[in-house]
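**Q** Numbers 5 to 366, taken from the numbering used here, label the letters of the sequence shown in order.
Every residue, glycine too, gets a C-beta built ideally from N, C-alpha and C.
Dumping the structure here so I can ask a few things about it.
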Amino acid sequence: MKSGLEDVIAAETKLSDVDGAAGRLIIRGVSLDDLVATSRFEDVAALLLDGLFDEHIDAASIRTQLGAARVALFPHVEAADAALLALPPVDAVRALLARVADGEDFATAIRLMAAPAVFLPAILRLQKGEAPIRPNASLSQSGDILRMLTGRLPTAEQTAGLDAYLVTISDHGLNASTFASRVIASTQAGLTSSVLAAISALKGPLHGGAPGPVLNMFDGVGKPENARAWLSQALDRGERLMGFGHRIYRVRDPRADALKTALKPIFASGQADAGRIALAEAIETAALALLKERKPDRPLDVNVEYYTALLLDALGFPRSSFTGVFAIGRTVGWIAHAREQTLDGRLIRPQSRYVGPLPKAA
Ligand code: ACO
């Protein structure tokens, strides 16, 4: 028995490979660097879903169908009552997602990818007392999300930045939420049920819940010259440095570099506070030096959450919504894995070893 199923291979997949020793992520045969440099969200969606449904799938038709689905789903936002809006954004998105009819077909997959993209910006606006903004079917998924969030058409750099984020986090091996999605799919419950289970797993602080605290750390450090002293004191208190370390990566998380590259044009063009990136770089340098001194036996490097925090903040997402944005990007990976599992056809039903008491002998 392996606690946490660590190192246990529980599925064969053609979707993505996480090489923790080399710091490499491959999605359907393409390395993450190449994928981020050449793809928008719709391209990676076509790549991940290709061959998993009866339909021919390409990026252009996904873009058209997502646009139509965003418009069709917008009326569901009216179900966001005061009780729903009192929830954290990711919980509110999950509650609205439960209204998407279950199914196994490509139309359901499209609705599930479009739904969080419509619901999250609407919920964030309603929580601030602002009216939600109707989707625009002619925009790309990233462009429309940003427009529905801020009420303004995003710049090319902002749209490219969100595309880079959604591509970067689209799939990542058999992480906890993806495994949850596959377990549900193996019972033939339907794609909506798989995505609901996956989002429930994602929201936990040990999985997708942590980039907000990275921003708290930036706020705490304040100025680059404070970095070493502030971080040193945090480690003295036994705290972990947010945005560093990973269960699988023993070197730099390749997703961190992809996001760092993606956010540079936004900062370079003056669309976000340039001081922020200088602060992030100073904290990163100081943290890596300190972690090397304090934990010489444990390779600890930057993870995806570090530059996620900087990028999503620069794009105007409040820190409370970061897990919800993660869900927008990862839904396509959950759907691809659910379909792969359904096509495999085998119910996931592991065994447990009973270690409790035995009945008394008669
Ligand atoms: N800062 C300081 N020390 C750390 C950190 C960190 N960020 N991460 C690990 N360590 C230390 C631990 O204290 C431990 O030291 P010890 O052996 O002296 O007690 C050692 O490294 C091993 O730690 P584990 O908890 O066994 O490492 P694990 O691989 O389980 O942890 C995790 C991975 C949870 C991501 C951890 O590195 C962490 O808490 N990081 C900070 C939070 C964070 O950035 N989370 C986002 C991760 S990315 C994602 O999930 C999408």
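(1) Between the alpha carbons of L267 and I149, how many angstroms are there, rounded?
(2) Out of R334, A99, E309, R256, which has the shortest C-alpha to C-alpha gap to G27?
(3) Is any heavy atom in the ligand ACO found nearer than 8 angstroms to the beta carbon of F248?
(4) Specify the secondary structure class of I281 as computed by DSSP and reduced to three states.
(5) How would you label N220, buried or exposed, when you count the other beta carbons within 10 angstroms and need 16 or more for buried?
(6) Quick check: is any heavy atom of the ligand ACO less than 8 angstroms from the C-beta of K6?
(7) Assess contact between the region 170-190 and the region 284-297, defined as three or more Cβ pairs (one per stretch) separated by less than 8 angstroms. Is contact present?
(8) If you follow the alpha helix (DSSP H) that D38 is in, where does it begin and where does it stop?
(9) Between the C-alpha atoms of A121 and F271, what's the straight-line distance to the nearest angstrom?
(10) On the three-state DSSP scale, how would you describe V255?
(11) At a cut-off of 8 angstroms, would you count Y169 as near the ligand ACO, judging by its Cβ distance to the nearest heavy atom?
(12) Taking 8 angstroms as the cut-off, does the region 292-301 touch the region 122-132 (at least 3 CB pairs, one atom from each stretch)?
(13) Applying the criterion that 16 or more other CB atoms from any shown protein chain within 10 Å of the CB defines a buried residue, is A278 buried or exposed?
(14) Going by beta carbon distance, what residues of the same chain come within less than 7 angstroms of L39, once the five residues before and after it are set aside?
(15) Return the chain-ordered ranges of every beta strand (DSSP E) run that is complete within the region 175-203 and spans a minimum of 3 residues.
(16) What do you reckon, is the C-beta of N220 under 8 angstroms from a heavy atom of the ligand ACO?
(17) Rounded to whole angstroms, what is the Cα-Cα separation between T112 and R67?
(18) Using DSSP bridges, identify the partner residues of L29.
(19) Under 9 angstroms between the Cβ atoms of L53 and V336?
(20) What span of residues does the alpha helix (DSSP H) with Q345 cover, start to end?
(21) Could you pull out every residue in the same chain whose Cβ sits closer than 7 angstroms to the Cβ of R311, ignoring the five residues on either side in sequence?
(22) At the level of alpha carbons, what is the spacing between A90 and V81?
(23) Is L29 a contact residue of the ligand ACO, with contact defined as CB to any heavy atom under 8 angstroms?
(24) For the ligand ACO, is there any heavy atom lying closer than 8 angstroms to the beta carbon of E288?
(25) Do the region 325-343 and the region 196-212 touch if we need at least three Cβ pairs shorter than 8 angstroms?
(26) For R115, count neighbouring C-beta atoms within 10 Å of its own C-beta (all shown protein chains included) and say buried if the count is 16 or more, exposed if not.
(27) With a cut-off of 8 angstroms, do at least 3 Cβ pairs link the region 177-186 to the region 15-24?
(28) Kindly identify the DSSP beta-bridge partner or partners of V306.
(29) Exposed or buried, which one is Q237 when buried takes at least 16 other CB atoms within 10 Å?
**A** On the basis of the supplied data:
(1) Whole-angstrom Cα-Cα distance: 17 angstroms.
(2) If you compare the alpha carbons of R334, A99, E309, R256 with that of G27, the shortest gap goes to R256.
(3) At least one heavy atom of the ligand ACO is nearer than 8 angstroms to the Cβ of F248, so yes.
(4) Residue state, collapsed to three classes: helix.
(5) It counts as exposed.
(6) No.
(7) Short answer: they don't touch.
(8) Going by DSSP, D38 is part of the alpha helix (DSSP H) stretching over 36-42.
(9) Rounded to the nearest whole angstrom, the CA to CA distance from A121 to F271 is 24 angstroms.
(10) V255: coil per DSSP, three-state reduction.
(11) Every heavy atom of the ligand ACO is 8 angstroms or more from the Cβ of Y169, so no.
(12) In short, these stretches do not touch, since the Cβ pair count stays below three.
(13) Residue environment analysis places A278 among the exposed positions, since fewer than 16 neighbouring C-beta atoms fall within 10 angstroms of its C-beta.
(14) A distance below 7 angstroms between beta-carbons, with the five flanking residues on each side excluded, links L39 to the following residues of its chain, in chain order: I31, V48, V171.
(15) List check, beta strand (DSSP E) in window: nothing returned.
(16) Answer for N220: no, Cβ out of range of the ligand ACO.
(17) When rounded, the separation of the alpha-carbon atoms in T112 and R67 is 15 angstroms.
(18) Beta-bridge pairing by DSSP links L29 to V22.
(19) Remark: C-beta atoms of L53 and V336 approach each other more closely than 9 angstroms.
(20) For Q345, the enclosing alpha helix (DSSP H) stretches over residues 326-348.
(21) The amino acid at residue 311 is misidentified as Arg; the sequence shows Tyr. Correct list, in chain order: A260, L263, K264, L267.
(22) Taking the straight line joining both Cα atoms gives about 14 angstroms.
(23) No, since every heavy atom of the ligand ACO falls outside the 8 angstroms radius drawn around the Cβ of L29.
(24) Every heavy atom of the ligand ACO is 8 angstroms or more from the Cβ of E288, so no.
(25) Counting Cβ pairs under 8 angstroms, three or more are found: they touch.
(26) Flag for R115 reads buried.
(27) Segments in contact, yes.
(28) Answer is F248, bridged to V306.
(29) It is exposed - the Cβ of Q237 has fewer than 16 other Cβ atoms within 10 Å.
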